[in-house]
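For the sequence shown, position 649 (counting from the first letter as 1) is numbered 649 according to the UniProt record's numbering, and the numbering increases by one without interruption. We put the CB at the ideal spot given by N, CA and C, even for glycine.
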Amino acid sequence: MASVSYHIANLLEKMTSNDKDFRFMATNDLMTELQKDSIKLDDDSERKVVRMLLKLLEDKNGEVQNLAVKCLGPLVNKVKEFQVETIVDTLCNNMISTKEQLRDISSIGLKTVISELPPSSTALAASICKKITGRLTSAIAKQEDMSVQLEALDILGDLLSRFGGLLISFHPSIMQSLLPQLSSPRLAVRKRAIIAIGYLVMSCNNPLFLELIEFLLTELNKNDTTSTTRTYIQCIGTISRQAGHRFGEHLQKMVPPIVKFCKEEDDELREYCLQAFESFVRRCPKEISPFVTEIIKICLRYICHDPNYNYDDDDDGDAMEMEEEEEEDDDEEEYSDDDDMSWKVRRAAAKCLDAIIGTRHEMLVEFYRTVSPALIARFKEREENVKADIFHAYITLLRQTRPNITSDPDAMDQDGGPLCQLQGQIPDIVKAIHKQLKEKSVKTRQGCFSLLTELVLVLPGALTDHLQALVPGIQYSLGDKNSSSNMKIDTLSFLNCILSHHNPVVFHAHIKVLVPPVVHSVADPFYKITSEALLVTQQLVKVIRPLEVPVKFDYKPYVKDLYSCTLARLKAADIDQEVKERAISCMGQIIRNLGDSLSAELKECLPIFLERLKNEITRLTAVKALTMIAGSPLNIDLRPILDEGIPILASFLRKNQRALKLSTLTCLDVLGKNYGAALTTGMIYEMMKEMPPLISENDLHVSQLTLHLLTSISKIHKSCMATIPNEILPQILLLIQSPLLQGGALGSLLEFFQALVATGLPKLGFKDLLQMLIRPVYNPPSAQSSNAFAVHKQAFHSIAKCMAALTVKSPSQANNVVNQFVSDVCNAKSSDSVKLFALLALGEIGKHIDVSNHGEIQLVILESFSSLNEEVKAAASYALGNISVGNLNKFLPFVLKEIENQPKRQYLLLHSLKEIISCESGSTTGVDNLKPYVQTIWTMLFHHCECPEEGTRNVVSECLGKLTLIDPTALLSSLKQHLDSQSALTRSTVVTAIKFTISDQPQGIDPLLRNCIGDFLKTLQDPDLNVRRVALVTFNSAAHNKPSLIRDLLDKVLPHLYNETKVRKELIREVEMGPFKHTLDDGLDIRKAAFECMYTLLDSCLDRLDIFEFLNHVEDGLKDHYDIKMLTYLMLVRLAHLCPSAVLQRLDRLVEPLRATCTTKVKAHSVKQEFEKQDELKRSAMRAVASLLAIPDADKSAQMNEFLSQIKSTTELCSMFESIQKDAQSTSSTDIIVMDTS
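See below:
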């Protein structure tokens, strides 16, 4: 401490030197000291440093002054509060000094202090801000010196933007000093006053806000002078931009006068009116709705407003000399009428249209009818900046058309749908743009290519008939004389886009002119151009010779050029990483598609691939390129590099880089299949040596590819499989027992076992493999407890499937195996594990092989329905269903008869029936086999749909749903008739059945469903609570898997859906449990189902929702039961991301229930689960708060700030919130939430 004080005293002494260099260096050293976190000043040093720095602000040397000001920033955080007050006082006094230089330096000082005040120390910030504010408002009110006013307004703006919430008591006086400045004779003063008002409205209270709005309305209606009217309209635009969520309710009064002012002959006024409209559209989407049509008309009128220019004389497309863009200078007086301001009006109109198009998705059809032709007609705009905005507005229109293509293809494609309308306008777009592509202006051409790229992404193949018009423009922009680097990159990027989104044949007429400039670009010295050109070259290669379809085009003249330019880049070692990678990929494509014309060149080229494989940076790309070449139908001769290449590839299998492992396994598999004969035993062993660690449950995808490779090896080099039992097979047998094994990995495992048994190698025959597979079940480790199963439940299924796969490949062994399993099931001594496995195995085998000749096997299985073990019962049910698939005629009638005769076993027998229907409906032959029985099954199922057991009814529903898919025309109408049933149970079963007819894949039933799903959803008004609940579950399934079914019904369905989110008192009852009373809410399940539907609709039908109505119900959910709160917190996170402006308007109302949750305390004597539950609830609420805070301007809400202060002052909440914010930041950087529009 003493040494710091001594050092500081030394510096202070030097600062008093007469030599300016001494003063400068000493101040610089002080700056360095102050920036150290460790520095601590004693009171005396603090006082001296503050006094000295304030003195140096008046130094004669400008550089010393500047350094002294910079020191104030770090100093504020290092000294006590009263010293900061001294600094602020002095700076405020200097602000009204007569010396201009001192005024300037002091205002910079004040800004520095404000920006450095620590927001965490609210007390300090508040007291300092209050000190400054009083001085500033009086400085603004006294109009003696305009420059003082300007600085004061600037500082006040800074102060309000950072600490507006702390100055609530000063807001009225601040407003009183600011409003008169809106009519100041000086434009710069007005401008800064508007900025300060913008920051003020973010945090001011409601009465003050209303006062401000009233003032502006009164002044607008007075309309004293055009000049002040402009200013007031500018001010209104700023207020709605900064506080749109509060401004909405006043739009009804605000819009009409502004519409009226649009008609005045004053371009500047019109510009401000249009800018105000733009901010209304963006910030108050709901309230502006009634005026949108009128605003569009105004914009369409003014986007053509160019009184000083006649476009008709402009046939050859040469525009008049453009006027210099005139920036509004603070010191100039208002523009005179001689200045052409019309371009600003056109620009404001284009931006306003852009905002409307971007926020009103529901008006898409209307936009294509009225706005689109108008924008296309204005592509000829002469002013470059305006043209860029017109292009941008059209690109926004195209982007709005894109997301819905996946979610509702029919609505988009139907006659008169947006896509259909766009298709009709493509000739006009191309006609308007092709002239622009030869413009000198780079910005214009870039805009054209951006627009065309977006068009092709929305409508692939859109430019098929128009390439003739566009190719010259592409050629022009790739020429060296006419383009900057960025222009070339954009042109190449566009070319790549159209090459990949059109049929290759359409380009063949233009290849002659396209290849030379692309080849030239590959050799460009600028790496970014080269990189983009290589992508285009790769695409061109696929176009000139597509391998999938035969074409007559003669590609040979271009092969050498494309090869040579790529080879030059492939050879170069000292080039950019991206260029290296793209050169490798491009050469891979060239060899894959054109390799038969390059046989001599391959000797030079393939060794380079080996070099790239050895390089850590390029090896992954090289592996992918080799996979491409090896898979070529041209059978490229890769033998020269296999000897050296295979060991390198095998070594990659032990690397940690997962992507490299996956690509290498795919590459080796392709090499194995296509070059099997060239692979020596040594090479195969190299690969197999690396495999055991790859087969594990930790990475099922890697395991799957490894098993694929092993299967390929077993087919080409049987002898190599002899070594498998040593290391690889034990790993595979371990993997089979994994509870995670399923899907693709399980499929590859079954293929592998079938390939392995087909090799017929010793010790790998059917019986050997059978014993290995069943050992864990039949001889479990002795440590296993008596009642537990030998392996995990999922493992029984996996082993049974492997058994069946082996048996199908060895039909001669089937009888013995089946007999053995039957005796295991019958044997009373068999453990539950053995019985469970034997039943599953019989089912899996019986699915593929008819087992009806094994006596009365069905009775043996049926006997197991009486087992005491639930899992064994389920396995028996599964087995009965599956063996029935093997011989439908024998077993299905038996199953149906048993369902009728055995009411106690009904649930299990219905599960067997479900298995039969599921398996058979998957193939056409299965459907044909099942058809004769459909009517019988259908009638029988309806006998059981009134079963009081909900589980049984659900199985009946699933069977009905799956059967409906077999013959939708007849069966759907039958389901519909049962909606009128008197029994609520029947109605609920029928509605649930519909859920099982909906899947995320296109199906034949879809058009029929679309026509009648509305009838099924009418059950949302059913008097029975349970029927309404299952109707919501079905609706949720449709919204999730196939939104197009329900999009058009939302207007009718949503009121009933929202109705179910309400808490109903009549459904809440009290139950006495011993001495305690327990409250039960019978309506909770249906509310939960309703909120789940709402959550799904956010993803699939956002554009059809009235977000404000939606938010009302979310708000209710925030105060509901634990489960529903958790759901609504998730919804808030999605809403904050998807429609931030609407959420911002409701922020104050949403914060309150979140605060209530976070501050709730659990009763001291509660059970542990209650504490955990409350903790999880708080965490979820905090996540919602964190996502709300991510909305721009959310931190300006007084309620939100109050809540944040509360969080920070509570240790537990503070640490929880900090950890959640850290998590949110780490995930947002890697995984940005994208709205899933599928």
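| Asked | Found |
| --- | --- |
| Cβ neighbour criterion (16 or more within 10 Å) applied to residue 1255 | The first residue shown for the chain is 1 and the last is 1238, placing residue 1255 beyond what the model contains. |
| Exposure of Asn404, with buried meaning 16 or more beta-carbon neighbours within 10 Å | Since pLDDT at Asn404 reaches only 48, below the 50 mark, its modelled position is unreliable, and the value read off the structure follows with that caveat. Burial call: buried. |
| Inter-residue Cα distance where the pair is Arg639 and Cys605 | 13 Å |
| Whole-angstrom distance between Ser597 and Phe609, CA atom to CA atom | 19 Å |
| Nonlocal neighbours in the same chain, by C-beta distance under 6 Å from Gln731, ignoring five residues either side | Pro692 and Ile695 |
| Beta-carbon spacing of Lys914, Val885 below 8 Å | no |
| Under 8 Å between C-beta atoms of Lys890 and Ser921 | no |
| Rounded straight-line distance, which links the Cα of Asp1085 to that of Ile991 | Residue identity differs from the one stated: residue 991 is Val in this sequence, not Ile. If you take the alpha carbons of Val991 and Asp1085, they lie about 17 Å apart. |
| DSSP three-state assignment for Ile1068, whether helix, strand or coil | strand |
| Local conformation of Met341 per DSSP, three classes | coil |
| Asp1081, DSSP secondary structure in three states | strand |
| Spatial distance of Lys431 from Val471 (CA atoms) | 13 Å |
| Simplified DSSP state of Met1073, which is helix, strand or coil | strand |
| Within the region 1140 to 1226, ranges of the alpha helix (DSSP H) (whole runs, at least 4 residues) | 1140 to 1145, 1147 to 1159, 1168 to 1189 and 1198 to 1209 |
| Buried versus exposed, by CB contacts within 10 Å (16 or more), Gln742 | exposed |
| Simplified DSSP assignment, three categories, for His1056 | helix |
| Presumed contact (8 Å Cβ cut-off) between Val956 and Leu910, rounded CB distance | 6 Å |
| Close Cβ partners of Gln813 (< 6 Å) along its chain, the five nearest in sequence each way excluded | Phe766 |
| Identity of the residue in Cys352, Val1027, His305 and Thr238 nearest Asp340 by Cα | His305 |
| Spatial distance of Tyr878 from Tyr1095 (CA atoms) | 35 Å |
| Straight-line gap, Asn869 to Met940 (C-alpha atoms, nearest Å) | 28 Å |
| Environment of Met15 [buried if 16+ CB atoms lie within 10 Å] | buried |
| Secondary structure of Glu844, DSSP reduced to three states | helix |
| Nearest to Leu965 (by Cα), restricted to the options Thr986, Gln977, Leu979 and Val934 | Val934 |
| Spatial distance of Lys976 from Asp1015 (CA atoms) | 8 Å |
| Span separating the alpha-carbon of Asp1000 from that of Lys962 | 15 Å |
| Integer-rounded CB distance, given that Ala1142 should sit under 8 Å from Phe1108 | 6 Å |
| CA nearest to the CA of Ser240, picked from Pro257, Pro256, Gly198 and Leu806 | Gly198 |
| Touching by the beta-carbon criterion (3+ pairs, under 8 Å), the region 1202 to 1219 and the region 258 to 271 | no |
| Arg23 burial status per 10 Å Cβ neighbour count (16 or more: buried) | buried |
| Alpha-carbon spacing of Cys420 relative to His361, whole angstroms | 16 Å |
| Proximity of Lys528 and Ile489 at Cβ, strictly below 8 Å | yes |
| Leu160 versus Glu214 - alpha carbon distance | 22 Å |
| Whole-angstrom distance between Lys78 and Ala1186, CA atom to CA atom | 30 Å |
| For Val934, the three-state DSSP class (helix, strand or coil) | helix |
| Local conformation of Glu611 per DSSP, three classes | helix |
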